[in-house]
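What follows is a single structure, written as structure tokens, with notes after it.
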Amino acid sequence: MSRSIRFLPRLRGAWDRFWFAPSPPLNLGICRALFYGGILAVLVRYDVSGFGGVSDAFWNPIWWFRLLGLPKPSQEALQAIQWTWKLSLAAACVGVSTRLATAVSFLLGTYLMGLLYSFGGTSHRNGIVVFAMASLALSRCGDAFSLDRWWRARRGLAAPEPSGAYRWPVRFVWVAMSCVFFEAGISKLRHSGLAWVTSDTMTLLLVQANYPLVRQANPPWNDWGLWLARHRWLARGLAAESLALETLFPLALFSSRLRPILVLGALFMQLGITVVMGPNFDVFILTYLFWVPWDRVAGWIRDRLSSRSEAPAPRLAVR
Amino acid sequence: MSGDLSEARAAAEEPSGAAPRRAAVFALLAVLLGGSLVAFVRDDPYGEELWPFSAYPMYSRAWNKWSAVRRRPFGVVRGEPAHEMPLIDDPYLAPFGHSRICAAFSWIERQPDRDRRLRSALRDMLDRYEDRRRAGLHDGPPLQAIRLYELRFRLDPHASTRDRPESRRLLLEVSTP
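As you go down the protein sequences, you meet chains E and G in turn. Every number in this note's numbering is 25 more than the matching position in the first sequence, counting from 1. Every number in this note's numbering is 731 more than the matching position in the second sequence, counting from 1.
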């Protein structure tokens with residue numbers, strides 16, 4: 026009993042440290058700029074307004090559309106909504122009226138992505154983006170690396186100090202990603218057990234991707250999947266690696282040694298799926314940006330640049 | 732350990748302006764974890780998912796069968812009723828892509844009024860294909876009809892049967908008026 030009571034403050038300290046240990050605002054600011062810029066770059070040409078004109082036969086509203094009684098919108102309404110969303114993404118990227126821009130990005134983005142899934146199944150690449158946008162909308166991500174900050178600096182306002190307010194949004198995305206991978210791994214174990222690895226599942230996934238009329242996703246980049254499929258031990262090894270990465274991914278939250286292995290492993294796993302099987306994870310991939318310590322990267326670049334400028338001018342060697 | 736505690740204390744003693752909004756953070760975390768838990772408990776690989784929460788059941792079933800059955804739409808080229816082309820390229824299917832139209836048809840097939848819905852969906856596909864072709868948004872040939880086939884494939888690791896289904900059965904056809 027007394028041991029558990031002594032343990033509680035330590036647990037609380039670790040919990041507080043995980044979420045709220047002071048961090049510089051630059052890291053979150055760079056994450057914000059790259060994340061929203063990335064979404065905009067991926068989706069700028071994507072036009073969802075056409076869904077306003079498709080037959081009602083396809084209309085299958087997802088649960089919260091039904092709960093809120095949201096109807097199938099018109100094409101004109103969708104056009105207006107998607108342009109507002111893209112503008113809000115651009116504003117959030119450069120950090121103009123960041124609070125408003127991130128809030129609008131979250132609300133309209135969630136609506137538009139939910140709408141897409143009301144016309145055919147559920148994809149797994151966008152759910153994580155909703156949570157990342159929610160955390161940024163509730164955060165002070167415009168306090169650095171933004172036009173808002175530049176404007177405040179011009180008015181003589183001091184740069185913000187390191188704070189827990191700049192740490193939790195990044196950590197929240199980490200937790201959301203861990204949920205995604207962990208649940209995917211557990212779902213495989215729950216429905217198939219180790220047979221997911223020892224059966225022909227991975228081999229068949231690789232083969233089916235090369236049948237244009239059988240696959241359910243984009244075409245793979247090449248037919249390397251067939252070569253892998255012909256080496257069953259290799260396909261089973263890939264299945265085992267995928268299952269291990271997914272199930273163990275939450276360890277990346279706590280272990281700084283395992284973090285690069287698990288995070289880079291998951292990134293390469295998803296890129297590999299795109300190359301040999303076809304499904305692309307476009308906006309999902311952007312959430313890996315939150316694992317990079319951008320403040321340290323910026324510091325390293327600054328140091329390199331300043332050491333170069335301080336170095337004596339190279340003398341001409343004359344023979 | 733003392734360093735850990737002092738960091739935590741420092742976090743708790745931040746000036747109010749920069750103090751993290753703990754209640755909002757924990758509410759957001761509760762939504763994420765609660766929703767994920769519900770999605771996990773009702774995890775059903777073939778049922779409706781609770782987007783944006785999901786147990787990610789996609790591809791969670793173990794497979795051993797070297798065969799596949801799919802329903803796919805084919806366009807019938809105008810004036811050449813024997814010339815059919817599979818409608819699997821995204822520009823022909825816009826605003827749906829191949830992946831989404833597969834999921835949409837798969838959902839329609841599970842509905843009690845599937846025949847009416849399927850006919851209406853294929854008619855809509857044909858109209859949109861022709862509208863987009865006339866607008867120069869794709870370079871496909873003009874179509875006079877769309878046929879929905881059930882295709883049965885025997886798979887092999889060389890994909891040598893990729894263009895040759897073992898059998899195909901016509902399920903439905905809709906034509907331009």
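Think of the CB as a built atom: it goes at the ideal place given N, C-alpha and C, for glycine as much as any other residue. In this text the structure is predicted, and so the values were computed from the model without any measurement.
Quick check on this structure: which residue in the options has the alpha carbon closest to the alpha carbon of residue i?
i	options	result
Leu238 (chain E)	G:Val800, G:Pro872, G:Thr907, G:Trp838	G:Val800
Ala825 (chain G)	E:Tyr136, E:Leu253, E:Val79, E:Leu229	E:Val79
Gln100 (chain E)	E:Leu137, E:Phe90, E:Phe131, E:Leu114	E:Leu137
Asp858 (chain G)	G:Gly867, G:Phe836, G:Ala876, G:His829	G:Ala876
Trp797 (chain G)	G:Val905, G:Phe884, G:Leu902	G:Phe884
Ala117 (chain E)	E:Pro96, E:His149, E:Met158	E:Met158
His977 (chain G)	E:Ala234, E:Phe43, E:Phe144	A query on residue 977 (chain G) cannot be resolved here, the shown segment of chain G reaching from 732 to 908 and no further.
Leu314 (chain E)	E:Leu268, E:Arg165, E:Gly54, E:Phe43	E:Gly54
Gly297 (chain E)	E:Ile64, E:Val73, E:Ser267	E:Ser267
Ala260 (chain E)	E:Trp221, E:Pro245, E:Asn243	E:Trp221
Gln295 (chain E)	E:Pro275, E:Glu335, E:Trp252, E:Pro245	E:Pro245
Arg57 (chain E)	E:Gln107, E:Gly167, E:Asn85, E:Leu65	E:Gly167
His149 (chain E)	E:Ala201, E:Asn85, E:Ala39, E:Leu273	E:Ala201
Does the Cβ of residue i have 16 or more other Cβ atoms within 10 Å, making it buried, or fewer, making it exposed?
i	result
Arg831 (chain G)	buried
Phe279 (chain E)	exposed
His256 (chain E)	exposed
Arg847 (chain G)	exposed
Glu811 (chain G)	exposed
Asp328 (chain E)	exposed
Val756 (chain G)	buried
Tyr71 (chain E)	exposed
Ala342 (chain E)	With a pLDDT of 44 at Ala342 (chain E), under the threshold of 50, the modelled position of that residue is not reliable, and the figure given next carries that caveat. Under this definition Ala342 (chain E) is an exposed residue.
Asn247 (chain E)	exposed
Trp325 (chain E)	exposed
Ala761 (chain G)	exposed
Leu330 (chain E)	exposed
Phe293 (chain E)	exposed
Trp44 (chain E)	buried
Thr223 (chain E)	exposed
Arg333 (chain E)	exposed
Pro187 (chain E)	buried
Using the Cα positions of residue i and residue j, report the straight-line distance between them to the nearest angstrom.
i	j	result
Gly75 (chain E)	Pro285 (chain E)	41 Å
Arg850 (chain G)	Arg841 (chain G)	14 Å
Leu214 (chain E)	Ser791 (chain G)	8 Å
Asp735 (chain G)	Ser48 (chain E)	Note that Asp735 (chain G) scores 44 on pLDDT, short of 50, meaning its location in the model is unreliable and no value can be drawn from it.
Leu92 (chain E)	Leu759 (chain G)	20 Å
Gly139 (chain E)	Asp887 (chain G)	37 Å
Arg174 (chain E)	Trp88 (chain E)	39 Å
Ala162 (chain E)	Arg124 (chain E)	7 Å
Thr907 (chain G)	Asp894 (chain G)	27 Å
Leu283 (chain E)	Glu780 (chain G)	31 Å
Ser113 (chain E)	Ile153 (chain E)	19 Å
Tyr61 (chain E)	Val198 (chain E)	14 Å
Trp794 (chain G)	Leu219 (chain E)	12 Å
Gly290 (chain E)	Val808 (chain G)	47 Å
Arg37 (chain E)	Val769 (chain G)	26 Å
Ser171 (chain E)	Arg31 (chain E)	44 Å
Ala754 (chain G)	Gly867 (chain G)	54 Å
Leu311 (chain E)	Ser898 (chain G)	42 Å
Val69 (chain E)	Phe83 (chain E)	25 Å
Ala105 (chain E)	Ala128 (chain E)	17 Å
Pro822 (chain G)	Asp320 (chain E)	42 Å
Pro873 (chain G)	Arg864 (chain G)	7 Å
Pro194 (chain E)	Phe131 (chain E)	14 Å
Leu229 (chain E)	Ser891 (chain G)	14 Å
Phe827 (chain G)	Pro318 (chain E)	38 Å
Glu208 (chain E)	Gln241 (chain E)	22 Å
His869 (chain G)	His814 (chain G)	19 Å
Ser861 (chain G)	Leu51 (chain E)	This sequence places Glu at residue 861 (chain G); Ser is not what is there. Each residue's alpha carbon lies about 51 Å from the other.
Val905 (chain G)	Leu853 (chain G)	7 Å
Val301 (chain E)	Tyr236 (chain E)	12 Å
Determine the DSSP secondary structure at residue i, reduced to helix, strand or coil.
i	result
Gly210 (chain E)	helix
Phe48 (chain E)	What sits at residue 48 (chain E) in the sequence shown is Ser, not Phe. Ser48 (chain E) falls in the strand class under three-state DSSP.
Gln842 (chain G)	coil
Gln241 (chain E)	coil
Phe805 (chain G)	strand
Arg321 (chain E)	helix
Arg333 (chain E)	helix
Arg792 (chain G)	coil
Ala749 (chain G)	Residue placement at Ala749 (chain G) is poorly supported in this model, since its pLDDT is 46, which falls under 50; the coordinates still yield a value, given next. Coil, per DSSP.
Ile819 (chain G)	coil
Leu886 (chain G)	coil
Ser891 (chain G)	coil
Tyr236 (chain E)	coil
#### Entry: Segments assigned alpha helix (DSSP H), at least 4 residues, entirely inside the region 60-142 of chain E
88-93, 100-119, 123-141
### Query
At what residue ranges does the region 244-295 of chain E contain a whole run of the alpha helix (DSSP H), taking only runs of 4 or more?
249-255, 257-273
### Message
Restricting to runs no shorter than 4 residues, where is the alpha helix (DSSP H) found entirely within the region 137-192 of chain E?
### Response
152-162, 172-179
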